[in-house]
Every structure is written in structure tokens, then in C-alpha cells.
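Asks:
There are 2 protein chains.
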Amino acid sequence: MPRRPTSADVASEAGVSRTTVSFVMNGRTDIKIPPETRQRVLSAAERLGYHPHSPARQLAAGRSHVIGLVLRQTPEQIAGDAVLVDTLRGLASAARTEGFRVLVEPLPPNGPESSFEALLRSQHADGLVISGPRTDDPSLLALAGEDFPIVIQGNMPGLSVASVDVDNVAGARRAVEHLLGLGHRRIACITNAAVVYTAAQDRLAGYRTALGAAGLPALDELIEEGAFDAPSGHAAMKRLLARTTFDAVFVASDVVALGAIGALREAGRRVPADVSVVGFDDIPLAAYFDPPLTTVRLPAYELGQAAGRALLDRIAERSIPSRTLLPTELIVRGSTATPSSQRLSTAV
Amino acid sequence: MPRRPTSADVASEAGVSRTTVSFVMNGRTDIKIPPETRQRVLSAAERLGYHPHSPARQLAAGRSHVIGLVLRQTPEQIAGDAVLVDTLRGLASAARTEGFRVLVEPLPPNGPESSFEALLRSQHADGLVISGPRTDDPSLLALAGEDFPIVIQGNMPGLSVASVDVDNVAGARRAVEHLLGLGHRRIACITNAAVVYTAAQDRLAGYRTALGAAGLPALDELIEEGAFDAPSGHAAMKRLLARTTFDAVFVASDVVALGAIGALREAGRRVPADVSVVGFDDIPLAAYFDPPLTTVRLPAYELGQAAGRALLDRIAERSIPSRTLLPTELIVRGSTATPSSQRLSTAV
DNA sequence: ACGCGTTACTGACGCGTGTTAGTCGACCAT
DNA sequence: ATGGTCGACTAACACGCGTCAGTAACGCGT
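Each protein sequence line maps, in turn, to chains A and B.
Heads up: the first sequence runs through residues 1 to 348, numbered per the working numbering.
Heads up: the second sequence runs through residues 1001 to 1348, numbered per the working numbering.
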């Protein structure tokens, strides 16, 4: 069985030195190689079925051309994240533009703490995108201090690491403004997650900002916490219904919103006739909810791309902004209506 | 700035040779190392913050400890696959048990054909799990012929490559038997995808088998094709409604089913009062559809695990079965009912 | 004839590790 | 004393490539 060909084999096949082969294969423009020599090398490589041995090249060049995506989330959180795959695709596409590949490392927060640290320290990856980390992650703090190429996907105030995120505050504000514009005044909020998560904090902040700008108080009795999945939305809505009244609700996650809508239905409240609902994320199924969900579109693919580009810039030591915010877009569908139509339908 | 420590540094710090360090770090049991020496090496490594340089170790050992997950699907297909992330988690967990990591390579079918081939040939990955390939993929055929470690996630008849899949035929059959057991006789079917996809073929075969076993013909007029997403289910259901009548439908995908249910609603048909619906996949949101969807649970995480284990066995040259089928489970919820209750509700 | 630059290469070192074939004592049976 | 075995280690090569420093040939102006 023939050994896999090495650059030395290509060199002797083409009648040049191994160095020349290396220059040709890496397409170095700073070295002059006459077209005919280049061609001779290329066709020799082709003939032999030569493929550079990537570990060897990593060793010699000191760069692995791999970026890691660390999923620092609970399994439930990952499974429920309907846009994660899109983000991954965006990341991979950005990586590919510079010949990088993406390694995915799912690491539950309660798991082995410094496991992704090894990815960098062993130079298995040239940089990391960290999704869903917590501020108190000790290994993350250590890595950040050592100036490793890291980009955080999300928000992590007080940490001097570049981050890429969706403008959660503005998106949530826009959602609530939509409800206000329809004439709603008692607007409840169910968060997408516990408020120790910054995305939940930010969306809640947008909710409060919108209310404040309209001269309305943000009442604690109108706020409940969701936890990524539909059951949590269902439970949160039941708590809200048992406690107070409202004519609209901003649910900071489409998935949680679906659970909440279910609870509304069970309570005999109709959407949007009795209660208007706005979600967040615009998951592919949102348009097929009953009623179709008005929501805030989150550019998942673009988010991944932005994170990838930022990380690659950081690896190549190009300067990057410390924080990138991507815009959101309000998608109006059937789950929101004016309060007047509510009176109409309750009269029926 | 101090260089990263190498095994040579650890060796001199511990007062042993580099070879001994290597033996200790790799925990080789076939070499006798007294506990005190082992401890001396370990604490020296600890003191210096030593982490083996993974490209170097890959070069020397000839193994990358990386497996690739190739997503040979269209972006829409990937985004719509609600269980993909779970499969990835299962794969990663299986990989971790043997110290492997997972590299994800999204490659649209119409993209660069032999791009994932390079992953193997350059020894960037020790093996591949290929998800959603097509039988006519030329580079896949070439790789299969060359005896590379490959496991296909799905069904690819006629190709001598190990594969891991869910028992689509049995699952679909069970779903339709459930409808038959309720008393339904005119049962339609909307596939999850075009029937060039083997998963769609298999589920359709299960549908036909169940009907056949009950002595019923499988009428072409009762069959429509879906295409991964909710809009396709919506369109397929509209075509069915325009063409024929039925009192139940098996939709071979929860996502497609949601679109179909929307079309039923628009046509004034109620679920399950007028039409019973069974889905497939049991996506996390299925329990929160209106009505909660009766469906066939697909063990996504276990599927990923099984694929990972099969691939690792293959890489380690342990014998593996050429085909592994995972069982499904029928989850009965609210979208199915007996025809008698249909008459009841239409009477109301 | 000479210096100088340019073109087109090449020799050899280094990257950090795994591993084979040994070395050197010490201990034991003969 | 001698041969042999075993434990504990090590020297040195191999892995395949990137890259620096260098060189030989050649042209060209003076």
C-alpha cells in the first residue's frame, strides 16, 4: 500500500526542491516563480494526488486555521435555541473566507470549567467564539487576561473582551413601542431567561425604556421570568394571569411566547382579540403559530458572520471594535391588534 | 515574553528525559514508571503550566483526534432541522469519551463538491459523519471506495458504507397504525421532503406498509410532498384539500405538519375534530402546538451518539455493524381523535 | 574586467511531539 | 564469578512542512 505523497515526492516528481513546492502550494506572491515552473509543480501534485498534511503545516506555521465555537449553555438552552444553527452557518462561512474551519465545543456551564481553555493553550484552535458565557466564569476571566483571541457572542459588561451581539435593547424597545402605538397601556413582559443572563437583562431594559419614554411606569407585577423553553413561558403566563391584568404582553423569545400563548388559550383569553403578543427572535415557525406571531427578527446568520469576522481580524491582529451591535427588525403579523378590536371581539 | 513551555522544559524541570515526560503525559500503562517519578513529572508540568502542543502531537502520532460532521444539506434544510443541534451534542459527547473533538463543515450540495474530501486527505480529521448526503455525490463515492472512516447518518442503500439512522419505516408505520386504531380509514400523507431523500422514502414506505397490513390501498391521490419547512406543508395541504377528502393525515415532519395544520384551519377544518394529524420528529415545540401534536419521537441525541460511537469504532478498527437503526416512540397528544368524536363535534 | 542587481531557485534548520531500540544498574539463580 | 532478567530510564530518529539565508547564473551598465 503506497504511502501518502509528501511535498518531497512532489518536488522530485516536478524536478524542483521541496522549498519551491511549498512556495507554489502556498501561492506566495512575494516570491517570483515563473509560470511554467509553477505549472510543473501543480501538475506533479495533481498527478500524485498530493494533499498537504495539515498537522505538519500547523506545526511549522504555528497556526491551526481552526476557530472554536464554545457553547457555554445548558443542553435545554442549546436545544431550544432555534437560531443557533444559523449562527453556526454564518460563523463557518466567515471562517471559510480565510481558510479557517470551525470546531464546536458544547460545554455545559456546570461542566469541566477549564476545558475550552485547553483548546487555546494546546493551540488546537487559533481563537474562540464564546456563546452564552457567564460573567463569573473563572477560566474565561483568566483567558481574557492573557490576551488570547476571543470574541464573545452576547453581552458581558465589565469584561475587556471584544463582543458581538444583536441590539437587544433597541429590538425590545421597538417591540413594546409597537404595542404602545396600537394603544395598549398595560403591557406585561415575560423574559426569555433569568435576568442573570445579559440578553434577558437587555431585552427587559428595552421594555422598560419604551414604557418610560411613553410616560408609563414599569410595574414589577407585570414582569415574569421565562427560561428558554415553552414550558417556562406557559408557567410564567399562568403566574401573570393569576396575579394581575393586562391587555398586551412582550415575550422576549418566540419559543417562550408559544408556551405563553398556550396558557392564554387555556385561560380563555384570545390572541390578539383579548391580549396582543409580541415575541423575539423570529424563528422559522413563528409565521405559522396561531395566530402568526408578531416578533422581532434576530439576524442569526449575520450574527455568526460578524462574530467570525471579528475573531479572524483579532487573530490576524487587525484592529477590531470592542463591541458590534447588529440591528433587529420588527415583523408585524397577526398576534397584535388594537385594543378597540379587543372590545369588539369580547362583545361578540 | 516567555515562550510556551515544551515537554523539554518539563523534562529538565523534573530532572528526567523528554521521553519519560511523554510516557507520563500519555498515561501509558505498558511502561513502568514509579509513582514518585510520575508525580515529579506531573507537578513540574503543573508548575510550568505545560499543555502539549496538539499539532505536534498530531504530526507525530498520525492522528488528529478530530472527527468531522459534514452537513450536506441546503441552508433551508439545516435551519429547519430542529433536532440537528441535539444530534451534534450527542456526537460531541460520544467523541469526548475518547478524547475527540468535533469539527462542523456545512457544505451545501450544490457547493464545492470535494471540499470535505480535503478534510480527510489532509488528515485534518480522522473520520467523518456525513449527514444528508445524496447517493450521486461523486466525492463521497470516491472516498467510500478508498476505505476512509466514514459513517453516514441516514440511509444510503447500495453504498457499502456504515450508516446510522432512525427506524423511519417502523416509526411511520406505528404512526399510521395509531390512526387506523382510532378508526380512520381515509388517511392522507404529506412527506417531509421530496422522495429522492431516503428518509422521506422510508417514512412513505412505513405509511404504505401500515395501510397494506390493514387491507387498505395506498392511493396516490392521498399523497403529497413536503419540503422540510412549514410553507411547504401549508402548500401541500392546500393541494390535498383541493383534490380529495380524508379524515386523518400523517405528516412526516412536525415542522411541515405545523404548516399543514395552518392550511386546515384556513379551510375551516378543525384538528382533531374534523381531521386527525400525526407528525414526526417530536420537536420541542410540538407539545405546544394548538392542539398539541401527536407525533413520533426521534431520538436525536442518541442518534448523534450512535453515529459518533460507530465512527470511533471504525477509526480504532474495531468491527462495527454496517447499519444501526434506532427505535422511535409514538407520543400521543391532542391532535388525534376517533372519527366518532369528529361526528360529534361537527354536530355541535 | 568588474561590480551590482535580479531572477530562480535550494540546503538545512526548526516546529514539539511519539516511539523504537537501546543503556545501565540491580537483583537473582546457578 | 557468571549469565540472565527486570526495572527505570534515555538518545536519537521520525513525522511533514515553513522559511531563512544563501547561491549560482545571468544581464547590464561602465
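Backbone N, C-alpha and C fix where the C-beta goes; we use that ideal spot for every residue, glycine too.
So, at 6 Å on beta carbons, what are the nonlocal neighbours of residue 334 of chain A in its own chain, with the 5 sequence-adjacent residues on each side left out?
Replies: Closer than 6 Å at Cβ, skipping near neighbours: 291, 292.
Asks: Would you mind giving the Cβ-Cβ distance between residue 1151 of chain B and residue 1303 of chain B, rounded to the nearest angstrom? I have them listed as a contact below 8 Å.
Replies: About 11 Å; that fails the 8 Å criterion.
Asks: Can you give, in chain order, each stretch of the beta strand (DSSP E) that sits fully within the segment 82–144 of chain A and has at least 3 residues?
Replies: You should have 101–106, 127–131.
Asks: Where does residue 1123 of chain B land, buried or exposed, given buried means 16+ other C-beta within 10 angstroms?
Replies: Buried.
Asks: Find the nearest neighbour of residue 1174 of chain B within the set B:1211, B:1138, B:1003, judged by alpha-carbon distance.
Replies: Of the listed residues, the one whose Cα sits closest to residue 1174 of chain B is B:1211.
Asks: Kindly list the residues whose CB is nearer than 6 Å to the CB of residue 206 of chain A, restricted to its own chain and excluding five residues on each side of it in sequence; keep chain order.
Replies: Correct list, in chain order: 169, 172, 173.
Asks: From residue 1022 of chain B to residue 128 of chain A, what does the alpha carbon distance come to, in whole angstroms?
Replies: For residue 1022 of chain B and residue 128 of chain A, the distance between alpha carbons rounds to 28 Å.
Asks: Between which two residues does the beta strand (DSSP E) holding residue 1290 of chain B run?
Replies: It is not in any beta strand (DSSP E) - residue 1290 of chain B carries neither H nor E in the DSSP assignment.
Asks: Helix, strand or coil for residue 309 of chain A, going by three-state DSSP, please let me know.
Replies: In this structure, residue 309 of chain A counts as helix in the three-state DSSP scheme.
Asks: Grab me the residues of residue 1208 of chain B's own chain with a C-beta within less than 8 Å of its C-beta, minus the 5 sequence neighbours each way, in chain order.
Replies: 1218, listed in sequence order.
Asks: Can you give, in chain order, each stretch of the alpha helix (DSSP H) that sits fully within the segment 1026–1073 of chain B and has at least 4 residues?
Replies: Counting whole runs of 4 or more residues, the segment 1026–1073 of chain B contains the alpha helix (DSSP H) stretches 1035–1048, 1054–1061.
Asks: Could you check if residue 1386 of chain B is buried or exposed, using at least 16 other CB atoms within 10 Å of its CB as the buried criterion?
Replies: There is no way to answer for residue 1386 of chain B, as the model of chain B reaches only from 1001 to 1348.
Asks: Closer than 8 Å is the cut-off here; do at least three beta carbon pairs connect the segment 133–142 of chain A with the segment 319–331 of chain A?
Replies: The answer is no - the segment 319–331 of chain A does not touch the segment 133–142 of chain A, with fewer than three Cβ pairs under 8 Å.
Asks: Does DSSP classify residue 276 of chain A as helix, strand or coil?
Replies: Reduced to three states, the DSSP call for residue 276 of chain A is strand.
Asks: Would you give the residue range spanned by the alpha helix (DSSP H) that residue 1261 of chain B belongs to?
Replies: Segment 1254–1266, the alpha helix (DSSP H) holding residue 1261 of chain B.
Asks: So which residues on chain A does residue 1259 of chain B lean against when the C-beta distance must stay under 7 Å?
Replies: Within 7 Å Cβ-Cβ: 288.
Asks: Within 10 angstroms of its Cβ, does residue 1031 of chain B collect 16 or more other Cβ (buried), or is it exposed?
Replies: It is exposed - the Cβ of residue 1031 of chain B has fewer than 16 other Cβ atoms within 10 Å.
Asks: Assuming residue 1231 of chain B and residue 1259 of chain B form a contact by the criterion Cβ under 8 Å, report the distance between their Cβ atoms to the nearest whole angstrom.
Replies: Right, their Cβ atoms sit about 6 Å apart.
Asks: Can you check which of these residues, A:248, A:42, A:29, A:270, is closest to residue 12 of chain A by C-alpha distance?
Replies: Checked all of A:248, A:42, A:29, A:270; the closest Cα to residue 12 of chain A is A:42.
Asks: Per DSSP, which residues does residue 163 of chain A bridge with? Please list them.
Replies: Bridge partners of residue 163 of chain A: A:152, A:323.
Asks: Listing by chain order, which chain A residues have their CB less than 8 Å from the CB of residue 1092 of chain B?
Replies: Simply 104, 105, 106.
Asks: List, in order along the chain, the chain B residues whose C-beta lies closer than 7 Å to that of residue 55 of chain A?
Replies: The contacting residues are 1055, 1058, 1059, 1064, 1123.
Asks: Do the segment 1079–1087 of chain B and the segment 84–102 of chain A make contact, defined as three or more Cβ pairs closer than 8 Å?
Replies: A contact exists between the segment 1079–1087 of chain B and the segment 84–102 of chain A.
Asks: What residue does the alpha helix (DSSP H) around residue 177 of chain A start on, and which one ends it?
Replies: Run containing residue 177 of chain A: 168–182, per the alpha helix (DSSP H) assignment.
Asks: Report the three-state DSSP secondary structure of residue 246 of chain A (helix, strand or coil).
Replies: Looking at residue 246 of chain A - three-state DSSP - the assignment turns out to be coil, as it is neither helix nor strand.
Asks: What do you reckon, are the CB atoms on residue 336 of chain A and residue 276 of chain A nearer than 8 Å?
Replies: The answer is yes: Cβ separation under 8 Å.
Asks: Is the beta carbon of residue 310 of chain A less than 8 Å from the beta carbon of residue 279 of chain A?
Replies: Not in contact: residue 310 of chain A and residue 279 of chain A (Cβ atoms no closer than 8 Å).
Asks: For a contact meaning CB atoms closer than 7 Å, what does residue 52 of chain A contact in chain B?
Replies: The contacting residues are 1122.
Asks: Just to confirm, are residue 328 of chain A and residue 182 of chain A a CB contact at a threshold of 8 Å?
Replies: No. Outside cutoff.
Asks: At a Cβ threshold of 8 Å, is residue 1078 of chain B touching chain A?
Replies: Answer yes: the Cβ-Cβ gap between residue 1078 of chain B and chain A drops below 8 Å somewhere.
Asks: Considering only DSSP beta bridges, list what residue 223 of chain A is partnered with.
Replies: Bridge partners of residue 223 of chain A: A:189.
Asks: For a quick check, are the C-beta atoms of residue 1224 of chain B and residue 1190 of chain B less than 8 Å apart?
Replies: Yes; because the gap between Cβ atoms is below 8 Å, this pair is in contact.
Asks: Quick one: Cα of residue 10 of chain A to Cα of residue 54 of chain A, how far?
Replies: So the alpha carbons of these two residues sit roughly 16 Å apart.
Asks: Taking the alpha-carbon positions, what's the residue 1063 of chain B to residue 64 of chain A distance?
Replies: Distance between the alpha carbons of residue 1063 of chain B and residue 64 of chain A: 15 Å.
Asks: Is DSSP giving residue 298 of chain A helix, strand or coil here?
Replies: Coil at residue 298 of chain A, not helix or strand.
Asks: Name the chain B residues that come within less than 8 Å of residue 262 of chain A, Cβ to Cβ?
Replies: 1288, 1290, listed in chain order.
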